[in-house]
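A.B. asks:
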Amino acid sequence: MIRGDRTTFGPSAWLQQHWDARAATNFVVGGAGGGMLAAAGAAVTMQAAPAGLIVPALVLMAIGLTAVWFEIGRKLRALHVYFNPFTSWMTREAFVAAAAFALGFAALVVPAPAWTRVLALVAALAGVAFAYCQARMLHASRGIPAWREPAIVPFVVATDLAEGVALAAMALGDGARARYALPLLVALLAVRLATWLRYRGRLAGRLTRQAEAALARAHGALVWAGTVAALALAGIALVSPTGLAMAATAAAALATIAGGWIAKFLIVTRASYNQGFALPKLPVRGGR
Amino acid sequence: MTRWAMVADLRRCVGCQTCTAACKHANATPPGVQWRRVLDMEVGEYPNVNRVFVPVGCMHCADPPCMHVCPSTATRKRADGIVTIDYDLCIGCAYCAVACPYQARYKTDRATFAYGDQPMANEAAKFDPGRLGVATKCTFCHERIDAGLAKGLTPGVDPEATPACVNSCIAQALHFGDADDPASNVSQLLAENQFFRMHEELGTEPGFYYLWDRKEANP
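Same order as they appear, the protein sequences are chains A and B. Using numbering that gives the first Met the number 0, the first residue of the first sequence is number 0, and each one after it goes up by one. Using numbering that gives the first Met the number 0, the first residue of the second sequence is number 0, and each one after it goes up by one.
(1) Would you decide whether A:Phe-292 is buried or exposed? Buried here means 16 or more other CB atoms lie within 10 Å of its CB.
(2) Tell me, which residues are paired with B:His-174 by DSSP?
(3) Do you know whose CA, among B:Ile-84, B:Val-53 and B:Asn-49, lies nearest B:Leu-173's CA?
(4) Does B:Arg-213 come within less than 9 angstroms of chain A when only Cβ atoms are used?
(5) Using C-beta distances below 7 angstroms, list every residue in its chain close to A:Arg-269, excluding the 5 sequence neighbours before and after it, in chain order.
(6) Following the continuous alpha helix (DSSP H) through A:Pro-112, name the residue where it begins and the one where it ends.
(7) Runs of 3 residues minimum, wholly inside the region 46–96 of chain B: which ones carry the beta strand (DSSP E) assignment?
(8) One question on the structure: do B:Ala-21 and B:Ala-163 come within less than 9 angstroms of each other, judged by their Cβ atoms?
(9) Once the 5 residues before and after A:Asp-4 are set aside, which same chain residues still bring their CB inside 7 angstroms of it?
(10) The beta strand (DSSP E) that contains B:Asp-212, what's its start and end?
(11) According to DSSP, is A:Ile-1 part of a helix, a strand, or is it coil?
(12) Given a cut-off of 9 angstroms, decide if B:Ser-71 and A:Arg-135 are closer than it, judged by their beta-carbon atoms.
(13) How big is the Cα-Cα spacing for A:Ala-244 and B:Val-82?
(14) With a threshold of 9 angstroms between beta carbons, is A:Glu-148 in contact with chain B?
(15) One question on the structure: do B:Ala-61 and B:Lys-76 come within less than 9 angstroms of each other, judged by their Cβ atoms?
(16) Are A:Ala-252 and A:Leu-184 touching if we call contact CB-CB under 9 angstroms?
(17) Determine the closest residue to A:Glu-92 out of B:Pro-64, B:Val-68, B:Gln-102 and B:Ala-110, with distance taken between C-alpha atoms.
(18) Quick one: any contact between the region 23–31 of chain A and the region 247–267 of chain A, if contact means 3 or more CB pairs under 8 angstroms?
(19) Determine which residues share a DSSP beta bridge with B:Ser-106 and list them.
(20) Does DSSP classify A:Gly-172 as helix, strand or coil?
(21) Using 8 angstroms as the Cβ pair cut-off and three pairs as the minimum, do the region 69–88 of chain A and the region 200–209 of chain A touch?
(22) Can you say whether A:Ala-167 is buried or exposed, counting buried as having 16 or more other CB atoms within 10 angstroms of its CB?
(23) Can you tell me which of the three DSSP states B:Asp-145 falls into?
(24) So, using beta-carbon positions, are B:Ile-144 and B:Pro-154 closer together than 9 angstroms?
(25) Is the shortest distance between the beta-carbon of A:Gln-15 and the beta-carbons of chain B less than 9 angstroms?
(26) Assuming A:Trp-114 and A:Ser-271 make a contact with CB atoms under 8 angstroms, what is their CB distance in whole Å?
(27) For my contact list, B:Asp-157 and B:Thr-1 are in at a C-beta cut-off of 8 angstroms; report their separation, rounded to the angstrom.
(28) Could you check whether the Cβ of B:His-198 sits closer than 9 angstroms to any Cβ belonging to chain A?
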C-alpha cells in the first residue's frame with residue numbers, strides 16, 4: 000500500500016465554466032458603477048458636482064446587471080432573484096441596486112436642492128453597499144478558492160471605490176474640481192494596493208499553478224498601470240497648470256480603471272479554478 | 000430525526016461506472032451531465048502506483064453553500080437532509096454551481112440526447128423541459144425514497160426505496176441509509192470502519208462518507 004508523504008490525493012482542479020465574461024461584466028463594469036455612485040453621490044451632497052453625475056454611475060450598474068441577465072438560464076424569472084434576502088448576497092445586491100436606481104432617479108428629479116443632496120447622500124451609501132454585496136458574493140462562492148478567501152472583500156470594495164472616484168473625476172471634466180478628487184483617489188489607490196497585496200499574500204501557495212498565473216497577470220496590471228502609473232499621473236496633475244492637469248487627471252483615472260478592471264476580470268474568469276477532489280486517506284485493500 | 004446519507008467503501012469500488020449508468024438511466028440526464036460519477040485517481044509514482052475509484056456527486060451537505068447563496072430559494076434542504084432544487088423557482092444563475100465545492104451541479108440550456116436528436120425510451124419518458132436552463136444535481140432519488148416510505152419500505156434496505164446508484168452497485172461499495180439511526184446499515188458501517196468526508200475542512204458537513212479502512216480492534 001502506498002502511503003506517500005502527501006496528505007491528500009486527487010485529480011487536478013479545473014477552471015469553472017459557469018460564470019463567464021457576462022458575469023464578470025457585472026463585477027467589472029457594474030462594480031465600478033457602484034463605486035462611481037458613491038463618489039458622485041458624495042460630490043453632489045457636497046455641492047461639488049451636478050446631480051447629473053449620478054446618471055453615468057447608474058448606467059454602468061445597469062450594464063453590469065444586464066450582462067448578468069443575459070447569462071441566467073431562465074430570463075423571464077429574473078425577479079425570483081429577490082426571494083432570498085436572508086442568506087443570499089445576490090438577492091441583497093439586487094435589492095441594493097433597486098434602491099440605488101430609485102434614489103438616484105429621485106435625486107435627479109426632485110425639485111428641492113436640499114432633498115437632492117439628501118437623496119444623493121443615501122444613493123452614495125447604496126453605491127458602497129452595492130460594491131460590498133458584490134464582494135461578498137465572491138466570498139460566498141466556496142467552490143472557488145480564489146474567491147472564497149475573505150481578503151477578497153476589502154480588495155473588491157477598495158477597487159470599486161477607486162474606480163468610482165476615477166470615473167467621477169473624469170466625468171467632471173473641469174480641471175479645478177477634478178483636482179479636488181485627486182487626494183481621495185491617491186488615498187484609495189494606496190488602500191487598494193494594500194488590500195491587493197494582502198489578498199495575494201494570503202493565497203500564496205494555495206492555488207493551482209494556472210490560477211496563480213492569472214493572479215500574477217492581474218498583479219502586473221494592478222500594480223504597474225493601476226497604481227504606479229496612476230499615482231505618478233495624479234502627482235503630475237496636482238502640480239501642473241489647469242490644462243495639463245486635466246489631461247493628467249484623465250490619464251490617472253484611466254490607469255486606475257484599467258488596473259482594476261483587468262484584475263477583476265482575471266479573478267472572475269481566469270483565476271476561478273475549483274479545488275478538484277482530494278482524499279485525505281487511501282483505501283486499505285486486502286488483509287493486513 | 001432522519002438523516003439520509005450515502006456511504007462509499009473505497010476498498011470495494013472497482014470503477015465500473017455502473018452507478019453512473021444507472022443514474023443516467025433512472026434520471027435521463029443529458030450527455031455531459033453525471034449526477035453520479037466515479038473518479039479514477041492514480042496515486043503514487045512508478046513502480047508504486049495505486050488506483051482509487053471515488054464515487055462523487057452532490058454530498059447533500061448539512062450546511063450546503065449552494066442553498067445559502069441561492070437567490071431564488073430554489074435550493075432547499077429537507078428535514079431528512081436531502082438537498083433539493085425547485086426547477087420552477089430556479090433562475091439558472093449558476094451561483095450554486097460556483098458555491099459547490101464538489102462540482103456537483105450542472106446547467107444545460109438546450110435538450111440533447113445520448114444518440115442524436117431522437118431520445119431513447121427512458122429519455123423520452125423522463126424528459127422534463129423544466130430542467131432546461133436551471134441547475135440540476137443528484138437528488139438521492141428522493142422520489143423513490145418518498146414512495147418507498149409511503150409503502151412502509153426501508154430506504155437502503157428495500158431496493159424499491161433505494162437510490163438507483165446504490166441498487167446497481169456490483170461490488171456493494173455504495174450504501175444508503177439513515178445516519179441518525181444507530182441500527183441502520185450505514186451507521187453500522189461507520190461504526191465499524193474508518194471514514195472521511197470530502198473537503199471536510201470547508202465545514203459543509205457532507206452526507207456522503209468514504210470508508211477507507213476497518214477500525215483497529217481494541218487491544
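Beta carbons: idealized from backbone N, C-alpha and C, even for Gly. In this text, all values refer to a predicted model and were calculated from it rather than measured experimentally.
C.D. replies: Once the coordinates are examined:
(1) Here chain A has residues from 0 to 287 only, and residue 292 of chain A is not among them.
(2) B:Val-6
(3) B:Val-53
(4) yes
(5) Ala-213
(6) 112–138
(7) 47–56, 74–76 and 82–84
(8) yes
(9) Caution applies to A:Asp-4, whose pLDDT of 40 falls short of 50 and renders its modelled position unreliable; the model cannot decide the point.
(10) 207–213
(11) With a pLDDT of only 32 at A:Ile-1, under the threshold of 50, the placement of this residue in the model should not be trusted, and no figure is reported.
(12) no
(13) 59 angstroms
(14) no
(15) yes
(16) yes
(17) B:Val-68
(18) yes
(19) The amino acid occupying residue 106 of chain B in the given sequence is Lys; Ser does not appear at that position. Note: B:Lys-106 sits in a beta bridge opposite B:Ala-134.
(20) coil
(21) no
(22) buried
(23) helix
(24) yes
(25) yes
(26) That pair is no contact at about 43 angstroms.
(27) Rounded, the Cβ-Cβ distance is 15 angstroms, inconsistent with contact.
(28) yes
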